[in-house]
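Reviewing the structure listed below.
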Amino acid sequence: MIRSELIQKIADENPHLYQRDVERIVNTIFDEVTDAMARGYRVELRGFGAFSVKKRDARVGRNPRTGATVDVEEKHVPFFKTGKLLRDRLNGKA
Amino acid sequence: MADKTLTRMDLSEAVFREVGLSRNESAQLVESVLDHMSDALTRGEQVKISSFGTFSVRDKSARVGRNPKTGEEVPINPRRVLTFRPSHLMKDRVASGNKS
Numbered sequence: 045m046i047r048s049e050l051i052q053k054i055a056d057e058n059p060h061l062y063q064r065d066v067e068r069i070v071n072t073i074f075d076e077v078t079d080a081m082a083r084g085y086r087v088e089l090r091g092f093g094a095f096s097v098k099k100r101d102a103r104v105g106r107n108p109r110t111g112a113t114v115d116v117e118e119k120h121v122p123f124f125k126t127g128k129l130l131r132d133r134l135n136g137k138a
Numbered sequence: 596m597a598d599k600t601l602t603r604m605d606l607s608e609a610v611f612r613e614v615g616l617s618r619n620e621s622a623q624l625v626e627s628v629l630d631h632m633s634d635a636l637t638r639g640e641q642v643k644i645s646s647f648g649t650f651s652v653r654d655k656s657a658r659v660g661r662n663p664k665t666g667e668e669v670p671i672n673p674r675r676v677l678t679f680r681p682s683h684l685m686k687d688r689v690a691s692g693n694k695s
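Heads up: the sequence lines are chains A and B, in that order. Positions 45 to 138 (this note's numbering) are the ones given, in order, by the first sequence. Positions 596 to 695 (this note's numbering) are the ones given, in order, by the second sequence.
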């Protein structure tokens, strides 16, 4: 399923809404999650999962082609942990 | 880094502000988005949201695990797990937003 298919499903279920409003709604939800993580916040959606930011320490890396060492700075990466309900559903338990 | 957690309520509040539907309907829409995504994943489909990321379901085969406390061997059944791969845009935004 891709974004446009998700929008279509929501639009089909809500015939009283304009398609462009459904697009804005769906986009707002995903943008809000990204914005929150860009601020270092967590987004916890019970039953679905939680988005959080993890810190990766600075390290000395290597260019795999040349073998030269390179300093890699500390950075923050997005992380998602599946919620219990969804994990159970994936395994046919709920 | 501020230790703040957003929930469904914050997402529906954002929808409410952006589109001007009632708070109740905004909350329902957030719920249906999550439901449709969960349903697709439960069917084994990949959910690909451009410029956000991709959720995919992977099959893990059975293996023998160990209770780290007792050292006892325990069988781990085959199971399906969900992985999320953030888009480049999200990675870039999270990296630059949290730069110290």
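The beta-carbon is built from N, C-alpha and C at its ideal position, and this holds for glycine as well.
Taking Cβ to Cβ, would you say residue i is nearer than 8 Å to residue j?
i	j	result
Met81 of chain A	Val97 of chain A	yes
Ser667 of chain B	Arg661 of chain B	Note that residue 667 of chain B is Glu in the sequence shown here, rather than Ser. Yes, Cβ-Cβ distance for Glu667 of chain B and Arg661 of chain B is below 8 Å.
Ala657 of chain B	Ile671 of chain B	yes
Thr637 of chain B	Glu88 of chain A	no
Met685 of chain B	Thr78 of chain A	yes
Ile73 of chain A	Val676 of chain B	no
Ile69 of chain A	Val689 of chain B	no
Thr600 of chain B	Arg83 of chain A	no
Glu118 of chain A	Ala138 of chain A	no
Leu134 of chain A	Val669 of chain B	no
Using three-state DSSP, classify residue i as helix, strand or coil.
i	result
Glu620 of chain B	helix
Gly648 of chain B	strand
Which residues mark the beginning and the end of the beta strand (DSSP E) in which residue i is found?
i	result
Arg661 of chain B	Arg658 to Arg661
Arg674 of chain B	Arg674 to Pro681
Ala55 of chain A	Counting along the chain, Ala55 of chain A falls outside any beta strand (DSSP E), though it belongs to the alpha helix (DSSP H) covering Arg47 to Glu57.
Ala102 of chain A	Premise fails: Ala102 of chain A is in no beta strand (DSSP E) and is neither H nor E.
Arg86 of chain A	Arg86 to Leu89
Go to residue i, then tell me how far its alpha helix (DSSP H) extends in each direction, as first and last residue.
i	result
Glu67 of chain A	Gln63 to Ala82
Asp132 of chain A	Lys128 to Leu134
Phe611 of chain B	Arg603 to Val614
Which residues in chain A sit within 8 Å of residue i, going by Cβ to Cβ distance?
i	result
Met632 of chain B	Met45, Leu50 and Phe92
Glu640 of chain B	Met45
Gly643 of chain B	A small fix is needed here, since residue 643 of chain B is Lys in this sequence, not Gly. Ordered by position in chain A, the residues that pass the 8 Å Cβ test against Lys643 of chain B are Met45, Ile46 and Arg47.
Give every residue of the same chain whose Cβ lies closer than 6 Å to the Cβ of residue i, excluding the five residues on either side of it in the sequence, and list them in chain order.
i	result
Lys694 of chain B	none
Gln623 of chain B	none
Please list the partners that residue i has in chain D, where partner means a Cβ-to-Cβ separation under 8 Å.
i	result
Met685 of chain B	The chain inventory of the structure shown lacks chain D, comprising the protein chains A and B.
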